[in-house]
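Protein chains in written order, with the numbering used here: chain A, 1 to 417; chain B, 1001 to 1337; chain C, 2001 to 2284.
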């Protein structure tokens, strides 16, 4: 094994050799500077999608008023990228999903369901090249959070829904989601699940907590054991609520004020770390006792460790939504619309809900859930009472410049700015 | 073909080199220049980027905002390099001089952890060093440590992680250098300078140990006096009693090229690391690697990220050049074992 | 270790001095033992937690012994794909890098030529460059020439990156082997009438093969475990280390530890086997 890693350099570096190296490099630089003009997004969203071998001519965005669209049939397969723990799972086989099996039984389509979305930015980084080049990303449905969906709408990188194919969606979408500011006709984004951001804490250490201000208070019970979220909108949103500001109308002044609160808390030694989902691990291990938390993680965590609680503070909590989107150029757009619509049937929505325990955007799903599992109404995380729901606020839409500003300022909270 | 080659003998090395070097040129050198170009871009992903020479201000902006991260990374990497050296040297020494037939086995054991995923290893440290984990839990239960003591989410954990990751990279070059030392020289030295280092050892031990303790205390952010005193005492003991004068005068200087090679192989990659800081640290311990990752992948702020990367790369090149010139790398050329 | 002390027999020395002398004589061995233990500690944790039976999603508290995950190591969605992808990339990049690197090593050791210094520098630099710089610069290149996307970030971009960083390590390893190569064997073969091609394949290659194999193993390990560079060049393709990183936020499935242990065992086993084979070759 000694042979494997020994010396590093071949020869002494003389000035002459460095010059030799740099002439070569200089030529390359010249060529590079000539060739580059920077990336620019394709401005017109008219890139022809690559036709899929199996799908009939149902891929292009149809213009329903022009000619009669040819009868569309569902494709043989559908590619769906989603987050983990976001759909029902067969008890005996973690790779099987009863609702998707029912979809297949109904339409004959095998859904290639991949739990490959772990982070909005990372996933976006993976599809942006294809989208900016007008090419098929390989996905028919992608499920991404509001703000990322908003960015995709802004960029023109999503297919517009043909509502004629989605009657259940049109009928059953809950009113709060209709005509969102960044998607006024609900033409591009179909909510999949909503979740809540609130306080996750270990009651045996902190006692019952009701105010979001606990996160920023120097209390010996949790000094040095508090964790904030890396998700900018959740962290800033909760902080804005603590200041009495409205996260639905975020502006730079509010951003600055919230950042100041967060940084003061960090400087005071209250905060242990700023992380994503892994705060749940720290709550479970006891390394942290209070955190900004997501309802989906906490549902699991309260089972795994005695004493953990999730609460929406009195000042309010943040509600966020992941949306089903059809990327531009998707090969099986028609089938994607069928699939999205399938889950707007209250039965199917309830089945998913009973596994993931998030908040459903489908009218009637809650009632079906209550029928199937009456005990659920006692679970405050899966079935928050109306007065809790009333306290939930969605973070407002940001312009591109504002989004850059907010992210840039937030980098200082993350420790990288 | 054999005839062609025989006639154009001079071409043969170039033909052999061409494919591989071409690959490196295309995918190492050219990207390096592309990164320099990118650092002169302005704009955004959505609106498009444009190249402009005036954007040299990207560098000044990046430096003025992020210079602290470079300093911190240098501090952590230096600490990790020193610690790795302290841990690796006696290990390499033992294998080289006292290894006997177990040499290869020992070397193998040193390198073996390298065959597991380094992400998993870092996460394992997170488990081991947990606040109430296998190491600190019992200590806290017994009362030896205060309840709110922790190593995770502090610079100590980050530097420990870095130190651990690069241990093989320091051990092997030192081992190779020690292995090459002519044993007869060592015997002669032991005849000349018999015995432990005593007075010289005590002085040097106190100075180095104390200095190191102080440095680590500064970097870790607490207990500089305690660590300095502890370091000085440990240094004195080791220097005076456990190190022989022959070692200091003969063996150690001969092993210096290996020490420098190992230091380079530890310090440079450590400067660019971001995994240890992310998993084991907290927002106050982020290194320049974390900033670069955030700028590239989360914020898609390519110009700033490229500028920061380029500065890092330039620093690395300078370090390599200085090192090569200072040591005359003939001895270290690969293959001359 | 000459002493100026009066010559007392060992057994007559006071116990403290005896203890000290024993300590001094063995301190290095004890230290080495501790150092090896320290090196192995995380590895042992990884292996151990492959047998854990966690109650929930997180695998960081020991809860009970089970073989379930060993019996079903790929039973988590996405893991099989990631492992297969990592293996494919590792295999292909090892193949390419070993060929390219061996050619370079042959040139460097056997021939004198102009531009040697630059060549050596070019080969050494990727090993000395921080991985984040390697990955980031590749990313900027792929982004810049991405319109239209000739180079979408994907399997191929990862492969390109892996071949690139592997070449240097292959060169270093094979060079070490070539240095002590007995040229006279080749000359003898050629004296006996073999041409260069035959000489290479029948004499040179078999003798340097262990070095090439060692280089290939090194390249394979580096490729399978690479995270940083892959992180920057992968786009949406997920290799095994990227899978681990993504799951580290939610809770790493126990199967990941199992696969990690398998990779470790196979790599260690290969080294052991090749070392033993070498020994037998030399003996024979």
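All C-beta atoms, glycine included, are put in the ideal place defined by N, C-alpha and C.
Can you round the beta-carbon distance between residue i and residue j to whole angstroms, since I take them to be within the 8 Å contact cut?
i                       : j                       : result
residue 248 of chain A  : residue 394 of chain A  : 6 Å
residue 2094 of chain C : residue 2220 of chain C : 5 Å
residue 157 of chain A  : residue 397 of chain A  : So it is not a contact: roughly 17 Å between Cβ atoms.
residue 1189 of chain B : residue 1250 of chain B : 4 Å
residue 317 of chain A  : residue 204 of chain A  : Not confirmed; about 22 Å, so no contact.
residue 1056 of chain B : residue 1050 of chain B : Actually they are not in contact, since the Cβ atoms of residue 1056 of chain B and residue 1050 of chain B sit about 14 Å apart, beyond 8 Å.
residue 1094 of chain B : residue 2041 of chain C : With a Cβ gap of about 19 Å, residue 1094 of chain B and residue 2041 of chain C do not count as contacting.
Given a threshold of 16 other Cβ atoms within 10 Å of its Cβ, counted over all protein chains shown, does residue i qualify as buried or as exposed?
i                       : result
residue 159 of chain A  : buried
residue 303 of chain A  : exposed
residue 197 of chain A  : buried
residue 1156 of chain B : buried
residue 1072 of chain B : buried
residue 250 of chain A  : buried
residue 172 of chain A  : buried
residue 1225 of chain B : exposed
residue 41 of chain A   : Residue placement at residue 41 of chain A is poorly supported in this model, since its pLDDT is 33, which falls under 50; the coordinates still yield a value, given next. Result: buried.
residue 328 of chain A  : buried
residue 2018 of chain C : exposed
residue 2044 of chain C : exposed
residue 231 of chain A  : buried
residue 343 of chain A  : buried
residue 2020 of chain C : exposed
Looking only at its chain, what residues have a beta carbon closer than 6 Å to the beta carbon of residue i, apart from the 5 residues adjacent to it on each side?
i                       : result
residue 2171 of chain C : 2101, 2104, 2105 and 2123
residue 127 of chain A  : 137
residue 1305 of chain B : 1292, 1295 and 1296
residue 2273 of chain C : none
residue 28 of chain A   : Low confidence applies here, because residue 28 of chain A scores a pLDDT of 33, under 50, leaving its location unreliable; read the following figure in that light. No residues qualify anywhere along the chain.
residue 218 of chain A  : 268 and 270
residue 87 of chain A   : 97 and 352
residue 1114 of chain B : 1168
residue 265 of chain A  : 216 and 271
With DSSP as the reference, please indicate the residues paired to residue i in a beta bridge.
i                       : result
residue 2205 of chain C : Residue 2205 of chain C is not bridged to any residue.
residue 413 of chain A  : Beta-bridge pairing links residue 413 of chain A to no other residue.
residue 327 of chain A  : A:158
residue 1049 of chain B : B:1043
residue 1252 of chain B : In the DSSP output, where bridge partners are listed per residue, residue 1252 of chain B has none listed.
residue 2140 of chain C : DSSP lists no partner for residue 2140 of chain C.
residue 319 of chain A  : A:196
Tell me which residues share the same chain as residue i and place their Cβ nearer than 8 Å to its Cβ, disregarding the 5 neighbours each side in the sequence.
i                       : result
residue 1133 of chain B : 1127
residue 207 of chain A  : 221
residue 1264 of chain B : 1319, 1320 and 1323
residue 272 of chain A  : 224, 225, 226, 227, 282, 287 and 288
residue 405 of chain A  : 252 and 255
residue 409 of chain A  : 255, 256, 259 and 417
residue 2250 of chain C : 2057
residue 2126 of chain C : 2134, 2164, 2165, 2167 and 2168
Within a Cβ cutoff of 7 Å, which residues of the same chain sit near residue i, ignoring the five residues on either side of it in sequence?
i                       : result
residue 336 of chain A  : 78, 140, 141, 326 and 330
residue 2139 of chain C : 2232 and 2233
residue 2031 of chain C : none
residue 170 of chain A  : 163
residue 52 of chain A   : The predicted model places residue 52 of chain A with a pLDDT of 35, which falls under 50 and marks its position as unreliable; any figure quoted below should be read in that light. Counting only Cβ-Cβ distances below 7 Å, and skipping sequence neighbours, we find 59, 75, 331 and 332.
residue 2260 of chain C : 2046
Considering only heavy atoms of the ligand NAP, does any lie closer than 7 Å to the CB of residue i?
i                      : result
residue 149 of chain A : The ligand content of the structure shown is nil, which means the ligand NAP is not present either.
(request) Pull out every residue of the region 278 to 290 of chain A whose Cβ sits closer than 7 Å to any Cβ of chain C, in chain order. (result) 278, 281, 284 and 285
(request) Determine which residues of the region 1290 to 1305 of chain B have a Cβ less than 9 Å from any Cβ of chain C, and write them out in chain order. (result) 1292, 1293, 1296, 1297, 1302 and 1305
(request) With 9 Å as the C-beta to C-beta threshold (strictly closer), list the residues of the region 2053 to 2082 of chain C near chain A in chain order. (result) 2054, 2055, 2056, 2057, 2058, 2060, 2061, 2075, 2076, 2077, 2078 and 2081
(request) Below 9 Å between beta carbons is the criterion; list the residues of the region 1143 to 1159 of chain B that meet it against any residue of chain A, in chain order. (result) 1148, 1150, 1152 and 1153
(request) Give, in chain order, every residue of the region 129 to 146 of chain A whose Cβ lies closer than 7 Å to some Cβ of chain B. (result) From the region 129 to 146 of chain A, no residue has a Cβ closer than 7 Å to chain B.
(request) Using a Cβ-Cβ cut-off of less than 7 Å, give me the residues of the region 1105 to 1138 of chain B that come near chain A, in sequence order. (result) 1107, 1108, 1111, 1130, 1131 and 1132
(request) Compile a chain-ordered list of the residues in the region 295 to 324 of chain A whose CB is closer than 9 Å to at least one CB of chain C. (result) Within the region 295 to 324 of chain A, the residues whose Cβ lies closer than 9 Å to some Cβ of chain C are 297, 300, 301, 303, 304 and 305, listed in chain order.
(message) Against chain A, which members of the region 1277 to 1288 of chain B pass a CB distance test of less than 7 Å?
(response) 1282, 1283, 1284 and 1286
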